[in-house]
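Right, one structure below, let's go through it.
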Amino acid sequence: MIIKKIILKLLVICFFLQSAYSCAQQVSYKGAITAKELLVLMSACDLLPLAKNNNISTALLNEMCQKGKALLKLGMSSYGPEPWVWQSGKLSDHKDFKYAGNQKINENLQVKKVENISMDSAHFYSKWPLFFLSARNSSQKAELLFFQNAIKGLVANLFKNVVSIDKEGCVVRYKNFIDGTNGVYRWNFERRGVTYGHSSFALSYTPFFSSFALLDNKKISDHYKKILSCYPYSKVEKKKYFWSRGLEDEKLLVLLSAKRPSEIVNTVPSETEKRYYKQYFYKRINPVNGISSKDAYAAVVGDRMLVMHYAFYMGYAPWVKDFNRYLDKISNLICVGCDNKFKSYHELHLLYFVSKYLYLNKDVNFNDNLQVKKIFNVVLSKLNNLYLVNQNLPVSNVGWDGVVYFNFKDYVDWKLNYYK
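Each residue of the sequence shown is one higher than the one before, starting from 6 at the first, in the working numbering.
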């Protein structure tokens, strides 16, 4: 059995080495800074306060956090508080981005690259505001000011380059890319067909699964007030901008996001918010058929992250109790060496979500709350393992970078050195 495992491991390594060699050509996206490594590194940032509060060694967590912050700084086109974009031009060769010079999808779409294109709105605004929040919350003095300004620049760019209003109706529209490019994204994605993809403004659904409001910015709360004022959306608007979604499932996120976190401390949800929580949201944190890989991903790209934070900010006991129960359940699915049937990338999202929960409990003393202590130890063990121990499969983006690394320490160090 041991010999079989060794042979299998060697075959896996040979396969990825071959893939790395074939993909080692100089493409624009080699070394691109992605959510994969940031989900791990910024989780460490969120664990730091709770570790310090309970006299747990922070050396490794701090090392991971500082490397995550370094990657965030490298990715910014310029420093805030002025508008900035993420890695301008880095993804121009990528198959999801190389048709962006076209405004609409058609069956014979030709490659038309945009030289200085930045990330797509959907992925960036669902995760990067959270990453910068983790960085800010774990910083002090000059570094704290840097990330405060970075967040201001992120928000400034949203309103300068991405958001516009459909004057014929009542829709807050999002351009497809954060640099203001509004062409085709992900044409024929995963070979789904030549009619599949996102034409101009097709990512306008982005604010309905983003945790933007956690940035506690008045422009963001006003942004959501405008979105809220457009309810109910017409059938035509839903089809044109929102993938024909009804948008009632997402309304709790919009209702809460219209309020700034600093304004809701020790308050109670409105009756409307309670109704939407009960009717649409509760099922997400009380799944009948268990927690799927899709649920793990949606912990970050969806409304769970925002609603959890607002529950704790308000101190509303019924919702906090629901999340405590949910987090106890999902933390059992994060462990070293277990098979939870999750895609590895999706599991990293769940790990980050649980780390955010631990940050919300940063003042807890482990002697007074054994559940938080248990969850902390589970997450810390998983982070240490991902960072230091070789995994069964490469953690590096082999097809992007042309390199094979099996732990995040080696991969992140390679990426930092790549930019020197």
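Note that CB positions come from ideal geometry on N, CA and C, so glycine has one too.
Under the three-state reduction of DSSP output, residue 411 falls in the coil class, being neither helix nor strand.
The region 115 to 131 makes contact with the region 183 to 197; the number of CB pairs closer than 8 Å reaches 3 or more.
Residue range 168 to 171 is occupied by the beta strand (DSSP E) that includes residue 168.
Close CB contacts of residue 255 within its chain, under the 6 Å cut and outside five residues either way in sequence, are with 213 (chain order).
Here residue 317 carries a helix assignment [DSSP, helix/strand/coil].
C-alpha of residue 145 to C-alpha of residue 366: approximately 19 Å in a straight line.
Residue 134 counts as buried, since at least 16 other C-beta atoms from the protein chains shown sit within 10 angstroms of its C-beta. Contact between the region 160 to 176 and the region 96 to 111 is absent: fewer than three C-beta pairs spanning the two stretches fall below 8 Å.
Going by C-alpha positions, residue 376 is about 9 Å away from residue 329. For residue 370, same chain residues with a beta-carbon under 8 Å away, outside a window of 5 residues either side, are 58, 59 in chain order. Between residue 312 and residue 393 a beta carbon distance of about 34 Å is seen, past the 8 Å cut, so the two are scored as non-contacting.
Within the DSSP bridge table, the entry for residue 203 names 190 as partners.
Within the same chain, 257, 260, 261 come within 8 Å of residue 278 by CB-CB distance, once the 5 residues on both sides are set aside.
Three or more pairs of CB atoms, one per stretch, sit closer than 8 Å, so the region 373 to 389 contacts the region 44 to 56. Cβ neighbours of residue 143 within its own chain (closer than 6 Å, five residues either side excluded): 50, 53, 70.
Judged by pairs of C-beta atoms under 8 Å, the region 241 to 252 does not touch the region 285 to 294, as fewer than three such pairs exist. Around the Cβ of residue 83, a 10 Å sphere holds fewer than 16 other Cβ atoms; the residue is exposed. Under the DSSP definition of a beta bridge, residue 91 partners with 81.
Residue state for residue 182 is assigned as strand, using DSSP reduced to three classes. Counting only runs of at least 4 residues, the region 257 to 343 fully encloses the following alpha helix (DSSP H) elements, listed from N- to C-terminal order: 276 to 281, 298 to 303, 309 to 319, 322 to 336. Around the beta carbon of residue 418, a 10 Å sphere encloses fewer than 16 other beta carbons of the protein chains shown; the residue is thus reported as exposed.
For residue 116, there is no enclosing alpha helix (DSSP H), as DSSP marks it with neither H nor E.
Under the Cβ criterion (8 Å, minimum of three pairs), the region 77 to 95 does not count as touching the region 109 to 117. The Cβ atoms of residue 224 and residue 152 do not sit closer than 8 Å to each other. Residue pairing of residue 177 in beta bridges, as defined by DSSP: 170. Listed in chain order, the non-local C-beta contacts of residue 236 below 6 Å within the same chain number zero, local neighbours out to five positions each way being set aside. In the DSSP assignment, residue 125 forms a beta bridge with 182.
When the alpha-carbon of residue 127 is set against those of 62, 40, 421, the nearest one is in 40. In this structure, residue 88 sits near residue 161, with a CB-CB distance shorter than 8 Å. Here the alpha carbons of residue 413 and residue 302 stand approximately 20 Å from one another.
When secondary structure is reduced to three states using DSSP, residue 231 falls in the helix class. Residue 201 counts as exposed, since fewer than 16 other beta carbons sit within 10 angstroms of its beta carbon.
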